Every structure is written in structure tokens, then in C-alpha cells.
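What follows is a single structure, written as C-alpha cells, with notes after it.
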Amino acid sequence: MRAFLIVLLLLGGALPALGQTRLDVVSTFSILGDFVAQVGGDRVEGSVIVGPNTDAHTYQPTPVDARRLAAAQVLVSNGLGFEGWLDRLAEASSFKGRRIVASQGASATLDPHCWLDVACARHYVANIAEGLAAAAPANAAYYRARAEDYDRRLAALDAWIRAEIAKVPPDRRKAITGHNSFQYFARAYGVQFEAVRGYNTDSEPTARDVAALIREVRARKIKALFVENLTNPALVEQVARDAGASVGPRLYSDSLSTPDGPAPTYEAMMRYDVTALVAGMMKN
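In this text, residue positions in the sequence shown follow this note's numbering: the first is 25, and each later residue adds one.
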């Protein structure tokens with residue numbers, strides 16, 4: 025018995041305190057999964073349905089997803105029509121747990137990609153913290169404290185983005201992307217975006233749309249053209265080629281990268297994207 029107690033003392037913080045709950049949380053896609061990890065720490069067991077470098081717009085859930093969701097205590101989703109497959113999956117899995125819609129109450133009327141405005145991401149994090157606290161009241165103070173710490177980092181990230189964008193003369197703050205996911209970023213940080221596709225990655229532009237975009241790129245002398253990690257680069261490359269421009273680094277908007285990539289967390293994703301955008305826009 026004495027030896028057992030010594031082992032417990034040596035393990036110390038490696039063991040959860042009595043009364044703590046480790047929530048089984050499923051997030052719909054990788055960016056939300058990172059938010060949950062930042063807030064939940066070691067008191068969540070987190071997983072995501074749509075992993076890194078995978079498109080939630082076109083995702084087709086699997087039986088494995090249904091089994092995973094059936095066992096979960098909490099489901100975190102974006103809402104705003106982003107996960108068109110989610111209600112069917114929840115019904116198929118007979119999910120009975122708590123649902124957290126991260127965008128609930130956000131000023132989000134443009135498209136589903138509200139997280140690309142850091143102010144909106146902070147709103148998501150607050151919703152997630154309160155949802156986790158309600159699901160596991162014994163951990164409420166822990167979740168809220170971690171959310172407050174993360175919110176301070178996000179506030180600093182927002183300030184950094186504004187300072188970086190300010191380095192670009194206003195008449196050069198324009199870019200072309202693969203699909204129309206940067207409207208919230210544009211509104212928050214004063215950058216003009218045009219896109220080859222609509223906000224859904226599976227939408228296809230007409231030949232007339234592409235020709236009009238090429239004329240606009242030429243007329244406005246836009247050199248900052250980007251593809252995203254989830255979109256087919258062919259159309260952006262065609263626009264760049266026909267307009268006499270070049271294509272910059274891949275941006276991340278709907279998904280994080282794998283851990284060994286440039287955007288394994290939300291903070292890293294935003295810093296990577298902004299650095300690439302600023303470098304590209306300075307060429308305009």
C-alpha cells in the first residue's frame with residue numbers, strides 16, 4: 025500500500041484530480057479541432073471528422089465517422105451552412121450529446137468562413153469554452169481560464185495582422201484567390217479579394233466569368249494571385265498565365281495543414297497566410 029501511494033505521489037500532475045472530467049469532443053473540421061484543443065487542454069479527448077488538408081465543403085462522412093460521433097459527449101460545428109452533411113451524420117449516428125455551434129451569435133452574414141476574421145475566431149472560442157463548461161461543470165473554471173489565455177493571444181494576433189497589412193499601400197491591397205473564402209478577412213483588414221470560384225469549393229465558374237476576371241487582373245495590375253490548399257490550382261494558374269501574373273504560395277483558409285506543414289494551428293495558419301499575402305500584394 026505504501027509503495028502504491030509513493031507511485032501516486034511521483035506521478036503527481038500526470039493523474040487528473042478527483043471530480044475532473046475528460047470530455048470526448050468531436051469537431052467537424054481541423055480549425056475547430058484546434059480551438060477545442062486550446063480551450064480543453066488535457067481535459068478533453070478531441071478528434072475531428074474532416075482532418076487537415078481535407079475539404080469540409082465536399083466531404084462524404086463514413087461509417088467510422090458515425091461510430092465516432094455516436095460515442096462522443098460533445099459535437100462542435102461551425103454552422104452557417106458549412107457542414108451540409110452534418111445533420112444526416114448526426115441522425116445516422118443517433119448522437120445524443122451536447123452540440124456547440126461555434127458561430128452562434130456571431131456577426132456572420134457573408135459566407136461560412138467567419139473564422140478568417142480573428143474577432144470572429146475569438147467569438148468561436150468563447151462559445152466553445154461556455155459549451156464545454158456546461159458539459160463538464162467540474163472543469164468550467166479550467167476551460168474558461170484557458171479560453172481567456174488563448175483570447176489574449178488571439179488579440180495579439182489580430183493586432184499583428186493589422187500592423188502587417190498596414191505595411192502595404194492601400195492601393196495595392198488586392199488579391200485573387202481560388203475560392204471566395206476571404207470575405208470576412210477583407211472586411212476586417214481592408215484587403216480587396218476576387219475569387220475564381222464562389223464560397224463553395226465545388227462551384228465552377230463559366231468561361232465568361234474567367235475571361236472577365238482575366239480582364240480585371242490586367243486592368244488593375246494585380247500580381248497577388250493565390251491558390252488554396254484545398255482548391256484545384258488549374259483555374260488560378262490559367263488566370264495568372266493569361267493575365268501575365270504569377271501564382272504565390274498556397275494559402276490555408278478552410279483547413280489546417282498536417283503537423284509538419286506551415287499551418288498546423290489556427291495562429292500559425294493566420295501568420296503564414298498574412299505573410300504570404302503581404303509579400304504578394306507588395307508586387308501589385
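No residue lacks a Cβ here, since even glycine has one placed at the ideal position from N, Cα and C. Quantities reported herein were computed from a predicted structural model and do not represent experimental measurements.
Using a 10 Å radius around the Cβ and a threshold of 16 neighbouring Cβ atoms, would you call P40 buried or exposed? Taking the sequence shown and counting its residues from 1, one reaches residue 40 at position 16. Caution is warranted here: a pLDDT of 41 is assigned to P40, below 50, making its placement in the model unreliable, and the coordinate value is therefore given only provisionally. That one is exposed.
Rounding to the nearest angstrom, what Cα-Cα distance links Y223 and Y167 in this structure?
Numbered from its first residue, the sequence shown carries residue 223 at position 199. Numbered from its first residue, the sequence shown carries residue 167 at position 143. Note that Y223 has pLDDT 46, beneath the 50 cutoff, so the model's placement of it is unreliable and the number below is only indicative. Their Cα atoms are separated by approximately 33 Å.
Practice problem: Look at the alpha carbon of V98 and the alpha carbon of D141, and state the distance between them as a whole number of angstroms. | Solution: In the sequence shown, residue 98 corresponds to position 74, counting from 1. In the sequence shown, residue 141 corresponds to position 117, counting from 1. Their Cα atoms are separated by approximately 25 Å.
Open item on the list: Taking its Cβ as the centre, do 16 or more other Cβ atoms sit within 10 Å of S54, making it buried, or is it exposed?
Closed with: Walking along the sequence shown from the start, residue 54 turns up at place 30. So S54 ends up on the buried side.
Problem set entry | Burial state of V49 (16 or more Cβ within 10 Å) | Mapped onto the sequence shown, residue 49 falls at position 25. Result: buried.
With a cut-off of 8 Å, do at least 3 Cβ pairs link the stretch 114-128 to the stretch 187-197?
no
Backbone secondary structure at S54 - three-state DSSP
On the sequence shown, residue 54 is found 30 positions in, with the first residue counted as 1. S54 falls in the helix class under three-state DSSP.
Residues in its own chain within less than 7 Å of V251 by CB, not counting five upstream and five downstream? Mapped onto the sequence shown, residue 251 falls at position 227. So the qualifying residues of the chain are G202, P257, V260, V271 and R274.
Item checked: Residues bridged to L99 (per DSSP) -> Taking the first residue of the sequence shown as position 1, residue 99 is located at position 75. Looking at the DSSP assignment, L99 forms a beta bridge with V50 and R123.
Going by DSSP in three states, L301 sits in which element: helix, strand or coil? What you label residue 301 is simply residue 277 of the sequence shown in a count that begins at 1. If DSSP states are grouped into helix, strand and coil, L301 belongs with the helices.
* Asked: Can you give the Cα-Cα distance for I189 and Y276, rounded to whole angstroms?
  -> Against the sequence shown, residue 189 aligns to sequence position 165. Against the sequence shown, residue 276 aligns to sequence position 252. Going by the C-alpha atoms only, they are around 17 Å apart.
Problem - Counterpart residues of T201 in DSSP-defined beta bridges - result: As a first step, residue 201 must be located in the sequence shown, where it is residue number 177. According to DSSP, which records beta bridges pairwise, T201 is partnered with A219.
Check your understanding: At which residues does the alpha helix (DSSP H) containing V68 begin and terminate?
Key -> Reading the sequence shown from its first residue, position 44 is the one you call residue 68. Here V68 belongs to no alpha helix (DSSP H); instead the beta strand (DSSP E) covers V68 to V74.
(Q) I need the straight-line Cα distance from L47 to F119, nearest angstrom please. (A) The residue labelled residue 47 in the question sits at position 23 within the sequence shown. The residue labelled residue 119 in the question sits at position 95 within the sequence shown. So the two alpha carbons sit approximately 15 Å from each other.
#### Entry: Option nearest A164 by Cα separation, candidates D175, V63 and S101
Numbered from 1 along the sequence shown, position 140 holds the residue referred to as residue 164. Answer by Cα proximity: V63.
* To do: Leaving aside the five residues before and after V241 along the sequence, list all residues of the same chain whose C-beta is less than 7 Å from its C-beta, in chain order.
  => One-based indexing of the sequence shown puts residue 241 at position 217. For V241, where only same-chain residues beyond five positions count, the Cβ hits under 7 Å are I200, V263, A267 and A269.
| query | Does the stretch 56-76 touch the stretch 155-162, meaning 3 or more C-beta pairs lie closer than 8 Å? | reply | yes
**Item:** Residue burial classification, R146 (beta-carbon count within 10 angstroms, cutoff 16)
**Value:** As a working note, residue 146 is residue 122 in the sequence shown. With 16 or more Cβ atoms within 10 Å of its Cβ, R146 is classed as buried.
_Extent of the continuous alpha helix (DSSP H) to which A235 belongs_ = As a working mapping, residue 235 is identified with position 211 in the sequence shown. Per DSSP, A235 belongs to the alpha helix (DSSP H) from A231 to R244.
Report task. In the DSSP assignment, find the alpha helix (DSSP H) that holds S117 and state where it starts and stops. Result -> What you label residue 117 is simply residue 93 of the sequence shown in a count that begins at 1. L110 to S117 is the extent of the alpha helix (DSSP H) around S117.
- Under 8 Å between the Cβ atoms of Y213 and C138? By one-based count along the sequence shown, residue 213 stands at place 189. By one-based count along the sequence shown, residue 138 stands at place 114. No, they are not a contact pair.
Next on the checklist: Per DSSP, what are the beta-bridge partners of V271 in this structure?
Outcome noted: Reading the sequence shown from its first residue, position 247 is the one you call residue 271. DSSP output for V271 lists L249 as bridge partner(s).
Mind checking D89: buried by the 16 CB within 10 Å criterion, or exposed?
-> Start at 1 with the first residue of the sequence shown, and residue 89 comes out as number 65. With 16 or more Cβ atoms within 10 Å of its Cβ, D89 is classed as buried.
- Task: Apply the 10 Å Cβ neighbour rule to R170 and answer buried if 16 or more other Cβ atoms are within range, or exposed otherwise.
- Result: As a position in the sequence shown, residue 170 is number 146, starting the count at 1. Counting Cβ neighbours within 10 Å, R170 comes out buried, since at least 16 surround it.
Item to complete: Could you spell out where the alpha helix (DSSP H) holding D195 opens and where it closes?
Response: As a working note, residue 195 is residue 171 in the sequence shown. Unbroken run through D195: none, as it is neither H nor E.
Per-residue burial, K191 [other beta carbons within 10 Å of its own, 16 or more giving buried]: Here residue 191 refers to the residue found at position 167 of the sequence shown. Exposed is the call here.
Discussion item. Please report the straight-line C-alpha distance between V74 and D58, rounded to a whole angstrom.
Written reply: For the purposes of this step, residue 74 is taken as residue 50 along the sequence shown, with counting starting at 1. For the purposes of this step, residue 58 is taken as residue 34 along the sequence shown, with counting starting at 1. C-alpha separation (whole angstroms): 12 Å.
What's the gap between the Cα of Y174 and the Cα of P76? Residue 174 sits at position 150 when you count from the first residue of the sequence shown. Residue 76 sits at position 52 when you count from the first residue of the sequence shown. If you take the alpha carbons of Y174 and P76, they lie about 21 Å apart.
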